[in-house]
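Written out below as structure tokens is the structure these notes cover.
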Amino acid sequence: MHDDCEFCRIVAGEQAAHVLYEDERTLAFLDENPATPGHTLIVPRAHAEEVVTADEPTAAAVFETVRTVATALESVLEPDGFSVFHTSGPLVGSVDHAHVHLVPRRTDDDVRLSLSRTPLEPDAAADLTGRVRSTL
81 MHDDCEFCRI VAGEQAAHVL YEDERTLAFL DENPATPGHT LIVPRAHAEE
131 VVTADEPTAA AVFETVRTVA TALESVLEPD GFSVFHTSGP LVGSVDHAHV
181 HLVPRRTDDD VRLSLSRTPL EPDAAADLTG RVRSTL
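Mapping to our numbering: the sequence shown position 128 is 208, numbers consecutive.
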């Protein structure tokens, strides 16, 4: 546990949260500033700064909990769909504890996950594909 980590304090029960689900590896609780009703954060119990760099069992457990909680939220809220995302690095937030956002969506909600897009260039795509595949 990291004493200065808000999510570690929630996992330890030292800070209040509306916990929807917990198991031996993960905890899912309502976001205190939700984008939509049911906006949930899924965190590993063990402190890790990034889901993508956590050990394989931890990362798998987080995404299994995403599936479990999404299924329950689907039954209770009947949303039109979900946005599921993880952001990482210092540019995207102030909490240094790995977490995944699970956001129930409705066609008329105000959630905007905007990505500027450009067409994929075949030569650049082939180059990147080769470089990534060579590291896997």
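For each residue, glycine too, the CB sits at the ideal point set by N, CA and C.
Check: Rounded C-beta distance between A108 and V149? I'm assuming under 8 angstroms.
Finding: 5 angstroms
Next item on the list: Use the C-beta contact count for P202: other C-beta atoms within 10 angstroms, 16 or more gives buried, fewer gives exposed.
Entry: exposed
Item checked: For T116 and V191, believed in contact at Cβ under 8 angstroms, the rounded distance -> 6 angstroms
Next item on the list: Express the C-alpha separation of T133 and T187 in angstroms, rounding to a whole number.
Entry: 33 angstroms
Check: Where D160 and V146 are concerned, what is the direct C-alpha to C-alpha distance, given to the nearest angstrom?
Finding: 17 angstroms
Note to self: Is the beta carbon of I122 closer than 8 angstroms to that of H179?
What the structure shows: yes
Check: CA-CA distance, A140 and D83?
Finding: 25 angstroms
Next item on the list: Look up G161 in the DSSP assignment and give the residues it is bridged to.
Entry: R185
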